[in-house]
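Okay, so here's the structure we're looking at.
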Amino acid sequence: MHKYRLAIFLFLANILYLLPNLSYAESRTVRPSELDKFNTYKFDIIPNLLIGEQVKLDFSDCYKELLSLNFQYIQKDTTWLKKPSNPKKAKLYKHYILKDKPIDPNELENHTFLVESISERSTGTYQVSRYKDLHLKDINNPNNSLIWSIQTSCNYQSISNPQVRVHIDKYQKIVTDKYVDNKDYYIYDEVNSTPNKDNGYTKYVPVKCTGCEWYLGGKYLSPIYVSTYESPEGNKYTLNEYRLTSDKLPIYKYDYQRIVNNSIALLKEKGEYFYSLSKVVKPRISSVRYGKTTEIKAEDFLSKYLYEDNLISILWFVFDDRCQFSLKNKSGNTIKVVWDDATFIDENNSASKIYHSGIRLIDANKSQPSTSIPNGTELEDLVAPVSRLIYSNGWDSLSLIKHKNKYDEDLVGKTIRVVLPIEVKGVINEYEFWFTINWHYSHPEYQQHAI
Numbered sequence: 534m535h536k537y538r539l540a541i542f543l544f545l546a547n548i549l550y551l552l553p554n555l556s557y558a559e560s561r562t563v564r565p566s567e568l569d570k571f572n573t574y575k576f577d578i579i580p581n582l583l584i585g586e587q588v589k590l591d592f593s594d595c596y597k598e599l600l601s602l603n604f605q606y607i608q609k610d611t612t613w614l615k616k617p618s619n620p621k622k623a624k625l626y627k628h629y630i631l632k633d634k635p636i637d638p639n640e641l642e643n644h645t646f647l648v649e650s651i652s653e654r655s656t657g658t659y660q661v662s663r664y665k666d667l668h669l670k671d672i673n674n675p676n677n678s679l680i681w682s683i684q685t686s687c688n689y690q691s692i693s694n695p696q697v698r699v700h701i702d703k704y705q706k707i708v709t710d711k712y713v714d715n716k717d718y719y720i721y722d723e724v725n726s727t728p729n730k731d732n733g734y735t736k737y738v739p740v741k742c743t744g745c746e747w748y749l750g751g752k753y754l755s756p757i758y759v760s761t762y763e764s765p766e767g768n769k770y771t772l773n774e775y776r777l778t779s780d781k782l783p784i785y786k787y788d789y790q791r792i793v794n795n796s797i798a799l800l801k802e803k804g805e806y807f808y809s810l811s812k813v814v815k816p817r818i819s820s821v822r823y824g825k826t827t828e829i830k831a832e833d834f835l836s837k838y839l840y841e842d843n844l845i846s847i848l849w850f851v852f853d854d855r856c857q858f859s860l861k862n863k864s865g866n867t868i869k870v871v872w873d874d875a876t877f878i879d880e881n882n883s884a885s886k887i888y889h890s891g892i893r894l895i896d897a898n899k900s901q902p903s904t905s906i907p908n909g910t911e912l913e914d915l916v917a918p919v920s921r922l923i924y925s926n927g928w929d930s931l932s933l934i935k936h937k938n939k940y941d942e943d944l945v946g947k948t949i950r951v952v953l954p955i956e957v958k959g960v961i962n963e964y965e966f967w968f969t970i971n972w973h974y975s976h977p978e979y980q981q982h983a984i
């Protein structure tokens with residue numbers, strides 16, 4: 534009994550695993566199985582696959598005055614048959630005329646040809662060109678025939694007739710029936726979409742397929758889909774699906790929802806840490822070295838970043854890898870910042886020597902002379918922990934806290950500290966600035982509760 538339960542479980546697990554993949558099996562980039570006949574990019578093979586097919590030649594990509602490109606070494610590459618009394622006995626160069634000028638496309642518009650046979654020929658001795666001549670019979674007028682010459686190889690020139698498309702009506706119907714199905718698709722559109730919470734801030738718009746063309750065409754007669762879509766607002770999109778990257782192709786609603794869910798999941802976690810000045814510990818009496826201290830809490834500050842007393846006024850800007858400040862001397866005397874005694878204390882209560890601006894990172898561990906600040910003047914500087922410096926093809930500084938750029942409830946609410954010794958009249962006053970670690974969600978609308 535246990536074995537049967539295990540077998541049923543494995544069967545259901547496989548079904549659940551395959552369900553998402555079944556959606557991909559219907560991806561618009563998958564060629565209909567009926568077109569497997571042309572599933573090749575070997576240029577010399579594709580013309581032979583056309584034998585027995587009814588085709589139309591589409592010159593919509595050509596210049597109107599030219600049927601094919603007139604290359605330096607190619608002056609005659611299309612042949613046209615006069616109307617002989619007996620087409621079956623018509624001979625090349627006797628009944629067929631090799632034209633010096635390309636055929637007027639108007640002569641071939643709306644003509645359907647049966648590809649009866651293909652012959653091969655070559656020209657030149659040292660610079661050999663090889664051709665496949667497709668013998669085409671006009672379905673509506675069997676006395677009219679065309680030899681369409683395709684240059685398949687040449688050691689001095691690219692192939693001719695690179696812009697002519699070959700339409701095959703029966704395969705056109707297969708493609709149209711498969712794709713013009715009124716299903717809901719989504720197209721990535723940077724111009725007409727408005728990213729918002731509901732669509733996961735993606736730039737996809739809903740569309741329906743209104744038409745699809747399949748043809749052999751282009752320089753190497755490679756199979757190509759060109760689809761037309763329309764959005765509810767009336768915006769139209771024409772896509773050559775073989776020339777687009779996968780993220781630009783139309784996708785089914787299932788795939789769109791998966792992209793939105795993934796996008797929302799990433800946006801929900803997106804955010805950054807920031808710091809607010811929450812406490813300052815300072816000497817009660819500035820004239821007493823190592824005297825008693827007092828704590829001043831955040832509600833006593835003018836803001837979360839500014840501290841001021843009768844000696845100094847300091848404004849802090851705490852960034853990811855440094856603490857920047859602007860320090861004004863209010864004491865009436867020259868004061869000094871004693872850098873050698875300054876300390877950074879991280880969220881785990883680990884202390885580190887600091888360096889400040891003007892110090893070469895290679896010299897960060899060396900003694901740093903004090904900086905004098907005359908009365909009434911300001912010093913703009915920074916402090917950063919030496920312990921967070923790394924060297925890899927050059928010096929770099931890591932974040933003040935050890936995090937992985939995602940929300941950590943154990944980290945939020947902890948503090949980092951900067952001990953900044955300030956000398957006044959020969960007495961060093963240690964100011965200890967406490968900064969609380971906070972987290973800000975870039976998209977708080979996804980959170981049930983504000984942090």
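The sequence shown begins at 534 in my numbering and counts up by one.
We put the beta carbon where it would ideally sit given N, CA and C, even for glycine.
- Query: Buried or exposed: A884, going by 16 or more other Cβ atoms within 10 Å of its Cβ?
  - Reply: Reading the sequence shown from its first residue, position 351 is the one you call residue 884. Taking every protein chain shown into account, the CB of A884 has fewer than 16 other CB atoms within 10 angstroms, so this residue is exposed.
- Taking C-alpha atoms, which residue in T658, H644 and S662 lies nearest to N673? Against the sequence shown, residue 673 aligns to sequence position 140. Scanning T658, H644 and S662 for the CA closest to the CA of N673 turns up H644.
- Only counting runs of 3 or more residues, tell me where the beta strand (DSSP E) segments fall wholly within the region 691 to 776, in order along the chain. Entirely contained in the region 691 to 776, the beta strand (DSSP E) runs reaching 3 residues are, in chain order, 698 to 701, 718 to 721, 737 to 750, 755 to 763 and 769 to 773.
- C-alpha gap between L754 and E649, whole angstroms: As a first step, residue 754 must be located in the sequence shown, where it is residue number 221. As a first step, residue 649 must be located in the sequence shown, where it is residue number 116. Rounded to whole angstroms, L754 to E649 spans 19 Å at the Cα level.
- Item | Contacts around L835, its chain only, beta-carbon distance under 7 Å, and the 5 residues preceding and following it disregarded | By one-based count along the sequence shown, residue 835 stands at place 302. Because L835 carries a pLDDT of 48, less than 50, the predicted location of this residue cannot be relied on, and the following value inherits that uncertainty. Cβ neighbours of L835 beyond the five flanking positions: E841.
- Query: DSSP on L582, reduced to helix/strand/coil?
  - Reply: On the sequence shown, residue 582 is found 49 positions in, with the first residue counted as 1. Correct three-state label for L582: helix.
- Query: Going by C-alpha distance, which of P675, D569 and K861 is nearest S846?
  - Reply: The count along the sequence shown starts at 1 and reaches residue 846 at position 313. Of the candidates P675, D569 and K861, K861 places its Cα closest to the Cα of S846.
- Message: Three or more C-beta pairs under 8 Å: does that hold for the region 939 to 947 against the region 846 to 856?
- Response: Three or more beta-carbon pairs separated by less than 8 Å are not found between the region 939 to 947 and the region 846 to 856, which leaves the two stretches without contact.
- For the candidate residues P739, L844, S764 and T709, whose alpha-carbon lies nearest to that of Y787? Looking up residue 787 in the sequence shown gives position 254. Taking only the C-alpha atoms, the option nearest Y787 is P739.
- Just reading off the beta strand (DSSP E) that V851 is part of, what are its end residues? Mapped onto the sequence shown, residue 851 falls at position 318. V851 -> beta strand (DSSP E) spans I845 to V851.
- Out of D780, W967 and F646, state which residue places its alpha-carbon closest to the alpha-carbon of L679. In the sequence shown, counting from the first residue as 1, residue 679 sits at position 146. Nearest neighbour of L679 by Cα position, chosen from D780, W967 and F646, turns out to be F646.
- Item | Separation of N926 from V699, as counted between CA atoms | Within the sequence shown, the letter at position 166 stands for residue 699. Within the sequence shown, the letter at position 393 stands for residue 926. Their backbone Cα atoms lie some 57 Å apart in a straight line.
- Item | Option in N795, K741 and T761 with minimal Cα separation from T735 | The residue given as residue 735 occupies position 202 in the sequence shown. Looking at the Cα atoms, N795 is the closest of the given residues.
- Query: In this structure, what does DSSP give as the bridge partners for G804?
  - Reply: Translated into the one-based positions of the sequence shown, residue 804 becomes position 271. The partner list for G804 (beta bridge, DSSP) reads Y974.
- Put R791 into one of helix, strand or coil per three-state DSSP. As a first step, residue 791 must be located in the sequence shown, where it is residue number 258. In this structure, DSSP gives R791 a helical state, which the three-state scheme calls helix.
- Does the beta-carbon of H982 have 16 or more other beta-carbons within 10 angstroms, so that it is buried, or is it exposed? Locating residue 982 in the sequence shown gives position 449, where the first residue counts as 1. Residue placement at H982 cannot be trusted, given a pLDDT of 49 that sits under 50; the coordinates are not used to answer.
- State yes or no: is the C-beta of L933 within less than 9 Å of the C-beta of W747? Position 400 of the sequence shown holds residue 933. Position 214 of the sequence shown holds residue 747. No, Cβ-Cβ distance for L933 and W747 is not below 9 Å.
- Buried or exposed: which applies to N962, given that a residue is buried once 16 or more other Cβ atoms fall within 10 Å of its Cβ? Numbered from 1 along the sequence shown, position 429 holds the residue referred to as residue 962. Per the 10 Å Cβ criterion, buried.
- Take the Cβ of W967 as the centre, count every other Cβ of all protein chains shown within 10 Å, and call the residue buried at 16 or more, exposed below. Indexing the sequence shown from 1 puts residue 967 at position 434. Flag for W967 reads buried.
- So what does DSSP say about L915, is it helix, strand or coil? In the sequence shown, residue 915 corresponds to position 382, counting from 1. If DSSP states are grouped into helix, strand and coil, L915 belongs with the strands.
- Run the CB neighbour count on D702, radius 10 Å, all protein chains shown included, and call it buried at 16 or more, exposed below. Your numbering for residue 702 matches position 169 in the sequence shown. A residue is called buried once 16 or more other Cβ atoms fall within 10 Å of its Cβ, and D702, having fewer, is exposed.
- Item | Pair within 9 Å by beta-carbon distance, V957 and S864 | In the sequence shown, the residue the question calls residue 957 occupies position 424. In the sequence shown, the residue the question calls residue 864 occupies position 331. Yes, the Cβ-Cβ distance between V957 and S864 is below 9 Å.
- Message: Is it buried or exposed, L901, if we count other Cβ atoms within 10 angstroms and call 16 or more buried?
- Response: In the sequence shown, counting from the first residue as 1, residue 901 sits at position 368. In the sequence as displayed, the identity of residue 901 is Gln instead of Leu. The residue in question, Q901, is buried, as its Cβ has 16 or more Cβ neighbours within 10 Å.
- Identify the continuous beta strand (DSSP E) that holds P954 and give its terminal residues. As a working note, residue 954 is residue 421 in the sequence shown. Its beta strand (DSSP E) spans residues T948 to V957.
- Under 9 Å between C-beta atoms of N768 and D722: Taking the first residue of the sequence shown as 1, we reach residue 768 at position 235. Taking the first residue of the sequence shown as 1, we reach residue 722 at position 189. For N768 and D722, yes; Cβs fall inside 9 Å.
- May I ask which residues mark the beginning and end of the beta strand (DSSP E) holding A897? Counted from its first residue, the sequence shown places residue 897 at position 364. No beta strand (DSSP E) holds A897; DSSP gives it neither H nor E.
- Message: For D929, report the span of its beta strand (DSSP E) as first-last.
- Response: Within the sequence shown, the letter at position 396 stands for residue 929. Start and end: W928 to S930.
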